[in-house]
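Let me begin by presenting the structure, written as structure tokens, before commenting on it.
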Amino acid sequence: MYEPLSVCSVPDPNIAEDAETVKPVLKIATTNREIEEYYRIRREVFVVEQKIFKNTDMDKHDENAIPIIACYKYKAVGAVRCYPKTKKVWLGGRLAVDRDFRKYNVGALLVHKAVETMNNRSDVYRFLATIQLQNVRFFRRLEWIKLGRVFVMKGKKHQMMEKVLEGRHR
101 MYEPLSVCSV
111 PDPNIAEDAE
121 TVKPVLKIAT
131 TNREIEEYYR
141 IRREVFVVEQ
151 KIFKNTDMDK
161 HDENAIPIIA
171 CYKYKAVGAV
181 RCYPKTKKVW
191 LGGRLAVDRD
201 FRKYNVGALL
211 VHKAVETMNN
221 RSDVYRFLAT
231 IQLQNVRFFR
241 RLEWIKLGRV
251 FVMKGKKHQM
261 MEKVLEGRHR
């Protein structure tokens, strides 16, 4: 058994879990245990659930990615990564949320944390993401802008989108 993640929110057992009480901790994964959890939740979503990848969703971008996790009750319940496309353009990707936590707005919290992380970097001028078509409306509500046309990647329709960062213009 793994040692639990110590930075996670621990709910009061006397309070029912709902969108108001489930408050995961969002952080950049830095310890070995946090990184393991980061990859575990991604594998659950992209390999097991969606079957987009056969064995792993890991790729060359993971080497330089900033891994972000949402954790609750000592485990990761969501993950997203930010990685450089060029020196000034970064991409967000692999947004993954445990099926049981999607109703608690964990995806939006992770997207906000990714945007905050990019806003805090003075070397990043643009923040883009390749979004599965069924999630475009969700990202538009978070004030992301559609770019270009829909395209197919790994057998799924996608849309390139951009979040305009603070103090930086398109």
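For the sequence shown, position 168 matches number 268 in the numbering used here, and the numbering has no gaps at all.
Note that CB positions come from ideal geometry on N, CA and C, so glycine has one too.
For clarity, every value in this text was computed on a predicted model and none was experimentally measured.
Original post:
Based on Cα-Cα distance, which residue from I168, Q150 and F146 lies nearest to M158?
Top reply: Comparing Cα positions, the closest option is F146.
Original post:
Ends of the beta strand (DSSP E) at K185?
Top reply: Counting along the chain, no beta strand (DSSP E) covers K185, and no H or E run does either.
Original post:
With 16 as the cutoff for other CB atoms within 10 Å, does K263 come out buried or exposed?
Top reply: Counting Cβ neighbours within 10 Å, K263 comes out buried, since at least 16 surround it.
**OP:** Could you give the DSSP three-state label for Q150: helix, strand or coil?
**Re:** Reduced to three states, the DSSP call for Q150 is coil.
Original post:
In three-state DSSP terms, what is V250?
Top reply: Looking at V250 - three-state DSSP - the assignment turns out to be strand.
Original post:
Whose CA, out of A165, R240, D198 and T156, lies closest to the CA of Y172?
Top reply: For the residues A165, R240, D198 and T156, the minimum Cα distance to Y172 belongs to D198.
Original post:
The alpha helix (DSSP H) spanning M217 covers which residue range?
Top reply: It should be pointed out that residue 217 corresponds to Thr in this sequence rather than to Met. T217 -> alpha helix (DSSP H) spans V206 to N219.
Original post:
Which residue or residues does DSSP assign as beta-bridge partners of G178?
Top reply: According to DSSP, which records beta bridges pairwise, G178 is partnered with A170 and V197.
Original post:
Out of curiosity, what's the CA-to-CA distance linking R143 and K187?
Top reply: Straight-line Cα distance between these residues: approximately 28 Å.
Original post:
Sorted by chain position, which residues of the same chain lie with C-beta nearer than 8 Å to N164's C-beta, five sequence neighbours on each side aside?
Top reply: Y183 and P184.
Original post:
Based on Cα-Cα distance, which residue from G207, S222 and M261 lies nearest to F251?
Top reply: Comparing C-alpha distances from F251 to each of G207, S222 and M261 shows the shortest one belongs to M261.
Subject >> Among N235, I152, T131 and W190, nearest to V224 - alpha-carbon criterion >> reply: Closest by alpha carbon: W190.
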